[in-house]
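Before any comments, here is the structure.
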Amino acid sequence: MYKSIETLLVEIPTIRPHKMAVATMQTQTLVLVKVTTEDGFTGWGEATTIGGLGYGEESPESVKTNIETYFAPLLKSLSGLNVAQTIQTIKRNINGNRFAKNAIQTALFDIQAQRLGLPISEVLGGRLRDSVPVLWVLASGNTEKDIAEAQQMIANKRHNTFKLKIGSRRVEEDVEHVLAIKHALGSDISIRVDVNRAWSELEAVKGIQQLQDGGVDLIEQPCAIDNIDAMQRLTRRFDIAIMADESLMGPDSAYRLAKRNGASVFAVKIAQSGGLVEASEVGKIAKLAGIDLYGGTMLEGPIGTVASAQVFSTFHNLAYGTELFGPLLLTEEILKTPLQYQNFELVLPTTAGLGIELDEDKIDRMRRQ
Numbered sequence: 001m002y003k004s005i006e007t008l009l010v011e012i013p014t015i016r017p018h019k020m021a022v023a024t025m026q027t028q029t030l031v032l033v034k035v036t037t038e039d040g041f042t043g044w045g046e047a048t049t050i051g052g053l054g055y056g057e058e059s060p061e062s063v064k065t066n067i068e069t070y071f072a073p074l075l076k077s078l079s080g081l082n083v084a085q086t087i088q089t090i091k092r093n094i095n096g097n098r099f100a101k102n103a104i105q106t107a108l109f110d111i112q113a114q115r116l117g118l119p120i121s122e123v124l125g126g127r128l129r130d131s132v133p134v135l136w137v138l139a140s141g142n143t144e145k146d147i148a149e150a151q152q153m154i155a156n157k158r159h160n161t162f163k164l165k166i167g168s169r170r171v172e173e174d175v176e177h178v179l180a181i182k183h184a185l186g187s188d189i190s191i192r193v194d195v196n197r198a199w200s201e202l203e204a205v206k207g208i209q210q211l212q213d214g215g216v217d218l219i220e221q222p223c224a225i226d227n228i229d230a231m232q233r234l235t236r237r238f239d240i241a242i243m244a245d246e247s248l249m250g251p252d253s254a255y256r257l258a259k260r261n262g263a264s265v266f267a268v269k270i271a272q273s274g275g276l277v278e279a280s281e282v283g284k285i286a287k288l289a290g291i292d293l294y295g296g297t298m299l300e301g302p303i304g305t306v307a308s309a310q311v312f313s314t315f316h317n318l319a320y321g322t323e324l325f326g327p328l329l330l331t332e333e334i335l336k337t338p339l340q341y342q343n344f345e346l347v348l349p350t351t352a353g354l355g356i357e358l359d360e361d362k363i364d365r366m367r368r369q
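Here the sequence shown is numbered in UniProt numbering, starting from 1 and rising by one per residue.
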C-alpha cells in the first residue's frame with residue numbers, strides 16, 4: 001500500500017532572531033515527511049521542533065533517522081489496514097517519538113481525506129469554524145523593537161494579540177520589559193507571556209503577581225514540566241490564566257493535569273500530543289474538565305500549521321485563539337499558494353486533505369543534503 005516514506009530536512013532563515021528561554025533561533029529546520037501510496041496518492045506531514053534538542057527529546061536528525069530506520073519499513077510491511085488500524089500498529093511497535101508519529105499520522109490523514117475528497121477537519125469530526133484567530137509572538141528581546149513590531153502588525157490588521165517570550169533574564173527585567181510593551185500598546189490589546197518553564201515557584205509567584213497587576217492576560221508554562229504541584233498552586237492562587245504547554249504530552253498528561261487542577265488553559269500542539277487524533281483527545285478532555293483551549297505551534301512551516309488548524313477548527317472552545325504564525329516567521333515560501341492570513345485570522349483551505357500544494361522544486365533546492 002505504501003510505496004515510499006521520505007523525510008526531508010529543509011533549512012529556512014527566520015525574518016529576525018527569535019529569542020526564547022530554551023534557544024535563540026535564526027534559522028528553522030523544517031522536518032517534512034512525504035508518504036506515497038502504490039495507487040498514486042501523496043500525503044505530507046511535519047515533525048518540526050525548536051532548537052535541536054533544546055526544546056524536547058526529538059531533533060530533526062533523530063526524526064529523520066527513526067522514520068527511515070523504523071517507521072518506513074513498518075509502514076511498507078502493512079496492507080489492508082485503515083488509518084486507525086495503521087496508527088494502532090505504529091503505537092504497538094514504536095515507543096515515544098511523538099513528533100515523528102505526528103508527521104506520519106498527518107500524512108496518512110492527508111491521503112485518507114484526499115481519497116474521500118474532504119478536508120482533514122471533516123475526517124476528524126467536522127470543523128466548527130472556517131478560520132482561527134492568530135496571535136504574534138514578540139521575541140526580539142528588545143523592548144523598543146517589540147513595540148514597533150507590534151504596532152506595525154496592528155496597523156496592517158495582521159495581529160492584535162501578542163505573546164512575549166521571557167524567562168532568559170532576571171524576573172525583574174522580564175516584568176519591566178513586558179509591562180512597558182503592555183503600557184505602550186494599551187488596554188485593548190491582549191498581552192500574554194511564555195516563560196518556557198524557566199522560573200522556580202518563588203520566582204513565578206513574584207513575577208505573576210506583578211504581571212497580573214499590570215494587565216497581562218495569561219502566563220504560559222511558568223515552571224518545570226514535571227512540577228505539577230507548583231502549577232496547581234499557581235493556578236489556584238492567581239486570577240490570571242495559567243496555561244500548560246510543555247507539561248502537555250498527549251491525552252494521558254492532559255487527564256492528569258485536569259484532575260489536579262494544574263492549569264486553567266491547555267496549549268494544544270499536534271506534535272507534542274503525538275498526532276492529530278491525540279490532539280483532538282486533549283481537546284475533548286479540556287472540554288469535559290471546563291479548561292479553556294489555545295492552539296499552539298512548534299514554529300512549524302505551512303504543513304504543520306495547516307494540519308494544526310484543521311484540528312483546532314473542530315474544537316468547541318478556542319477561547320485563547322492560536323499562535324499558528326510559524327510560516328510568517330520564515331523568509332521563504334514553500335507552497336505554490338501561500339496560506340491565507342487576513343483580519344487577524346488564518347483562513348482554512350476548503351480543498352481535500354491538508355488543502356495545500358507544495359513547491360517541490362523549491363524544497364529540493366533548500367533541503368539539507
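Each residue gets a CB set at the ideal place from its N, CA and C atoms; glycine is no exception. Computed from a predicted model, the values in this text were never measured in an experiment.
Contact check for residue 301 against residue 267 fails: the beta carbons are separated by 8 Å or more. Beta-bridge pairing by DSSP links residue 356 to no other residue. In this structure, the beta-carbon distance from residue 355 to residue 311 does not fall below 8 Å. Per DSSP, the continuous alpha helix (DSSP H) segment holding residue 231 begins and ends at 228–237. In the three-state DSSP reduction, residue 269 falls in the coil class, being neither helix nor strand. Separation of residue 284 and residue 147 (C-alpha to C-alpha, rounded to the nearest whole angstrom) is 37 Å. Ranked by Cα distance from residue 85, the options 108, 64, 66 are led by 108. When secondary structure is reduced to three states using DSSP, residue 163 falls in the strand class. Counting along the chain, no beta strand (DSSP E) covers residue 146; the unbroken alpha helix (DSSP H) around it starts and ends at 143–155. The beta carbon of residue 117 lies closer than 7 Å to those of 352 in the same chain, with the five residues before and after it left out. Per the C-alpha coordinates, the member of 22, 321, 282 positioned closest to residue 163 is 321. Within the segment 9–65, the runs of beta strand (DSSP E) at least 3 residues long that lie entirely inside it are, in chain order, 24–37, 42–46. A straight-line Cα-Cα distance of about 26 Å links residue 222 and residue 132. Contact check for residue 111 against residue 150 fails: the beta carbons are separated by 8 Å or more.
Taken through DSSP and simplified to helix, strand or coil, residue 336 comes out as coil. Membership of residue 323 in any alpha helix (DSSP H) is not indicated, and neither H nor E is assigned to it by DSSP. When only Cα atoms are considered, residue 144 and residue 16 end up about 15 Å apart. At the C-beta level, residue 218 and residue 175 stay beyond 8 Å of one another. Cβ contact annotation for residue 289 (same chain, cutoff 7 Å, sequence separation greater than five): 258, in chain order.
In this structure, residue 293 and residue 271 do not form a Cβ contact; the two beta carbons are roughly 16 Å apart against a cut-off of 8 Å. Per DSSP, residue 240 lies in no alpha helix (DSSP H) segment and is marked neither H nor E. Distances from the CA of residue 238 to each of 253, 279, 208, 95 were compared; the closest alpha carbon is that of 208. Within the same chain, and ignoring the five residues on either side of residue 14 in sequence, the residues whose Cβ sits closer than 8 Å to its Cβ are 25, 26, 27, 28, 329, 330, 331.
If the five residues before and after residue 273 are omitted, its C-beta is found closer than 6 Å to the C-beta atoms of 250, 279, 282, all from its own chain and listed in chain order. Counting other Cβ atoms within 10 Å of its Cβ, residue 245 reaches 16 or more and is therefore classed as buried. With contacts defined as CB atoms closer than 8 Å, residue 141 and residue 179 fail to qualify as a contacting pair.
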